[in-house]
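Chemist:
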Amino acid sequence: MEAQRRIPKIREASGFNAVISENWGPLDRTPTLVPGTAEAAQAHRERFLAAVDRPGDGVFVIGSGLPSVRNDDNDHAFRASSTFLWFTGMGIDESFLVLTDTSSTLYTQRPAGPGDPDFFGNAAYGELWVGAMTGPADWSAALGIDVRPLSELDDDLTTLGGPFRGLGRIPDALAHRFDIRADADARRVADRLRQIKDAWEIDQMRAAVSATVLGFEQTVGQIATAKTMDRGERWLQGTFDRAARTYGVDVGYATIVAAAGHAAHLHWTRNDGAVRDGDLALLDMGIEMESRYTADVTRTIPVSGTFTDAQRAVYDIVVASQRAGLAVCTPGHRYSDFHFASMQVLAEGLDDLGLLPVSVDEALSADGQHHRRYIVCGVGHHLGLDVHDCSHSPYEDYQDAMLEPGMVHTLEPGLYFHVNDLSVPPEFRGIGVRIEDDLVITADGHENLSADLMPFGTDEIEAWTQARL
Ligand code: GLY
Ligand code: MN
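First residue of the sequence shown? That's 1 in UniProt numbering, and the numbers climb one at a time after it.
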């Protein structure tokens with residue numbers, strides 16, 4: 001198969017082509033991989049083949065995806081399909097795993113090095129432009145499987161003959177040529193397996209949370225500077241995003257820095273507001289590591305170091321809700337149990353504040369849901385290679401499933417009062433509080449990976465924040 005991406009060829013006089021092609025020494029093309037990546041990917045392939053229906057029926061084709069062009073030879077940042085990453089450990093664009101019950105073969109681009117017309121002529125793959133490119137031989141040595149040039153994919157698929165079962169991201173042209181159909185049943189199996197992290201994956205999650213904690217510390221340390229600016233939220237975002245690029249690959253999702261009334265918008269990624277004394281700052285941030293596993297942590301702190309009475313009252317309810325959720329994050333409970341436990345406490349707290357127009361029981365009933373006006377989202381999600389990991393799983397595999405050791409999920413209750421919400425008294429308007437931790441379910445309970453970031457209680461948070469302002 002030829003490259004799917006059609007990068008305009010760069011043409012130069014033939015004299016220049018000769019000049020640019022010669023007199024280059026060797027480059028190190030060894031890929032950067034976290035130790036254990038190859039073994040983890042192999043174990044994932046084996047688990048999949050042991051679990052999937054009819055493993056010997058046809059050929060799985062699992063694609064990493066293509067970069068999206070922003071302009072000319074400038075692409076948007078590429079992020080490989082998480083399914084492909086789980087099967088291969090390889091985060092490279094335009095690559096494919098061809099998997100049968102007896103063979104695993106990867107296909108990827110060859111390096112366009114000196115002597116190759118693309119060395120200078122292709123700004124997407126030419127090593128003169130993009131630096132050393134790992135090719136099939138180096139990937140094979142690093143991952144311990146057969147890796148072949150992409151140019152051989154078509155012939156090999158023709159020889160294998162199909163039927164082809166698609167996973168990950170398959171370019172349309174390839175899908176049409178070989179009638180590769182997305183295999184929803186196989187994807188469901190892969191997602192169920194991905195929900196249970198092995199020891200290596202849990203180590204990656206631990207590393208992601210550690211890096212994220214460091215990023216939080218650095219971000220909170222910039223609050224004094226942010227307060228002097230019109231767009232202090234952006235300054236704090238930039239601080240965290242720099243930490244993500246430095247300690248990991250990137251952020252695992254768009255960083256949310258929401259001060260004042262912005263915290264009530266769950267997807268406040270504009271981050272263009274001011275950060276002022278008297279505000280709360282809601283920081284929802286996570287670093288994706290080289291392994292591509294990500295953290296997802298939220299803390300809400302008083303910018304001045306001291307909560308107002310209304311902020312404190314709301315915060316106390318969210319902490320109590322978090323504690324109620326944590327108590328049922330253990331094997332023997334369903335995934336949805338922590339959602340209901342946290343929601344119960346939020347409804348009771350809203351009632352204590354006089355903010356529920358009906359009784360707690362009525363609010364919690366299917367016909368009520370009055371408390372949900374102040375928390376329209378769920379209070380957790382699986383976490384792993386994606387921030388909302390395995391989010392396509394059906395209800396029975398996700399919300400209705402039993403918690404099992406190795407599952408990693410967030411717990412993130414919150415209360416959100418919009419600045420223009422006339423259903424609450426003025427002192428509550430603009431307050432948004434979320435606490436989000438990353439949990440691993442263990443044999444007898446859970447481990448809270450992000451517990452050490454900062455204490456829970458309001459007095460303790462004030463002291464923690466004041467020490468960093
Ligand atoms: N923290 C991002 C999310 O859960 O959507
Ligand atoms: Mn989350």
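Think of the CB as a built atom: it goes at the ideal place given N, C-alpha and C, for glycine as much as any other residue. Model, not experiment: these values are computed from the prediction.
Kindly list the residues whose CB is nearer than 8 angstroms to the CB of GLN311, restricted to its own chain and excluding five residues on each side of it in sequence; keep chain order.
Modeler: Once the five neighbours on either side are set aside, the close Cβ partners of GLN311 are LEU280, PRO302, ILE431 and VAL433.
Chemist: Tell me whether PHE96 sits in a helix, a strand or coil according to DSSP, three-state version.
Modeler: PHE96: strand per DSSP, three-state reduction.
Chemist: Under the three-state reduction of DSSP, which class applies to PHE456: helix, strand or coil?
Modeler: The answer is coil: DSSP assigns PHE456 none of H, G, I, E or B.
Chemist: Is it buried or exposed for GLY278, if we count other Cβ within 10 angstroms and need 16 for buried?
Modeler: Answer is exposed; the Cβ neighbour count stays below 16.
Chemist: In three-state terms, what does DSSP make of ALA451?
Modeler: ALA451: coil per DSSP, three-state reduction.
Chemist: For GLY63, which residues of its own chain have a beta-carbon under 6 angstroms away from its beta-carbon, when the five flanking residues on both sides are left out?
Modeler: The answer, listed in chain order, is PHE96, GLY168, ARG169 and ILE170.
Chemist: If I'm right that THR108 touches LEU150 with Cβ under 8 angstroms, what's the distance once you round it to whole angstroms?
Modeler: At roughly 6 angstroms, the Cβ-Cβ gap stays under 8 angstroms, so THR108 and LEU150 are in contact.
Chemist: How long is the line joining the alpha carbons of MET402 and THR228, rounded to whole angstroms?
Modeler: Their Cα atoms are separated by approximately 49 angstroms.
Chemist: Taking C-beta to C-beta, are GLY126 and PHE120 nearer than 8 angstroms?
Modeler: Cβ atoms of GLY126 and PHE120: closer than 8 angstroms.
Chemist: What first and last residue would you give for the beta strand (DSSP E) that runs through ASP284?
Modeler: 280-285 is the span of the beta strand (DSSP E), which, as asked, contains ASP284.
Chemist: Whether or not the region 65-85 and the region 222-237 are in contact is what I'm after, with contact meaning three or more pairs of Cβ atoms, one per stretch, closer than 8 angstroms; do they touch?
Modeler: As far as the Cβ criterion goes, the region 222-237 does not touch the region 65-85, which means the pair count is below three.
Chemist: What is the chain-ordered set of residues for which the beta carbon lies under 7 angstroms from any non-hydrogen atom of the ligand SAM?
Modeler: The ligand SAM is not among the ligands present in this structure, which contains only the ligand GLY and the ligand MN.
Chemist: Which term fits ALA184, buried or exposed, when burial requires 16 or more other beta carbons within 10 angstroms of its beta carbon?
Modeler: Classification of ALA184: exposed, given that the 10 Å Cβ count is below 16.
Chemist: Tell me whether HIS262 sits in a helix, a strand or coil according to DSSP, three-state version.
Modeler: Of the three classes helix, strand and coil, the one that applies to HIS262 here is helix, per DSSP.
Chemist: Can you tell me whether LEU453 is buried or exposed? The criterion is at least 16 other CB atoms within 10 Å of its CB, across all chains shown.
Modeler: So LEU453 counts as buried.
Chemist: DSSP has PRO425 in a bridge; who is on the other side?
Modeler: In the DSSP output, where bridge partners are listed per residue, PRO425 has none listed.
Chemist: Given a threshold of 16 other Cβ atoms within 10 Å of its Cβ, counted over all protein chains shown, does PHE16 qualify as buried or as exposed?
Modeler: By the 10 Å Cβ count, PHE16 comes out exposed.
Chemist: Write down every uninterrupted run of the alpha helix (DSSP H) in the UniProt domain "Aminopeptidase P N-terminal" (39-185) whose length is 4 residues or greater and which is fully enclosed by it, in chain order.
Modeler: Taking only runs of at least 4 residues, the alpha helix (DSSP H) segments lying wholly in the UniProt domain "Aminopeptidase P N-terminal" (39-185) are 82-88, 118-121, 127-130, 136-143, 153-160 and 172-178.
Chemist: Between the Cα of residue 472 and the Cα atoms of GLY332, SER423 and LEU385, which residue gives the shortest distance?
Modeler: Limits of the chain in this structure are 1 at one end and 469 at the other, which puts residue 472 out of reach.
Chemist: Which residue from SER393, LEU449 and LEU469 puts its Cα closest to that of ARG188?
Modeler: Considering only alpha carbons, the answer is SER393.
Chemist: Which value, in whole angstroms, describes the spacing of the CA atoms of PHE417 and VAL345?
Modeler: Roughly 17 angstroms separates the two Cα atoms.
Chemist: Suppose you measure from the CA of GLU447 to the CA of GLU152; what does that come to, to the nearest Å?
Modeler: Roughly 46 angstroms between the two C-alpha positions.
Chemist: Between which two residues does the beta strand (DSSP E) holding ARG270 run?
Modeler: No beta strand (DSSP E) contains ARG270, which DSSP labels as neither H nor E.
Chemist: Secondary structure at VAL358, three-state DSSP: helix, strand or coil?
Modeler: Coil, per DSSP.
Chemist: Taking the continuous beta strand (DSSP E) assigned at VAL408, which residues delimit it?
Modeler: Segment 408-411, the beta strand (DSSP E) holding VAL408.
Chemist: When the Cα of GLU404 is compared with those of ASP316, THR330 and HIS388, which residue comes out closest?
Modeler: Nearest of ASP316, THR330 and HIS388 to GLU404, Cα basis: THR330.
Chemist: Taking contact to mean at least 3 C-beta pairs separated by less than 8 angstroms, is the region 54-68 in contact with the region 20-32?
Modeler: Contact fails: fewer than three Cβ-Cβ distances are below 8 angstroms.
Chemist: Flag this pair as touching only if the region 198-211 and the region 33-43 have three or more C-beta atom pairs under 8 angstroms; answer yes or no.
Modeler: Touching, yes.
Chemist: On the DSSP letters alone, give me the boundaries of the alpha helix (DSSP H) that ARG434 sits inside.
Modeler: Per DSSP, ARG434 belongs to no alpha helix (DSSP H); it is in the beta strand (DSSP E), 432-434.
Chemist: Which whole-angstrom value is the C-beta distance of MET90 and LEU143, which I expect to be below 8 angstroms?
Modeler: With 8 angstroms as the limit, MET90 and LEU143 qualify as a contact, their Cβ atoms being about 7 angstroms apart.
Chemist: Flag this pair as touching only if the region 216-227 and the region 280-295 have three or more C-beta atom pairs under 8 angstroms; answer yes or no.
Modeler: At 8 angstroms Cβ cutoff, the stretches touch.
Chemist: Give the secondary structure of residue 499 by DSSP, where H, G and I count as helix, E and B as strand, and everything else as coil.
Modeler: Absent from the structure is residue 499, since the part of the chain shown begins at 1 and ends at 469.
Chemist: If you measure between the beta carbons of MET205 and LEU411, is that distance less than 8 angstroms?
Modeler: No.
Chemist: Drop a sphere of 10 angstroms on the beta-carbon of SER103, count the other beta-carbons inside from all chains shown, and report buried for 16 or more, exposed for fewer.
Modeler: By the 10 Å Cβ count, SER103 comes out exposed.
Chemist: Using alpha carbons as the reference points, say which of PHE87, GLU460 and PRO426 lies closest to HIS44.
Modeler: Comparing Cα positions, the closest option is PHE87.
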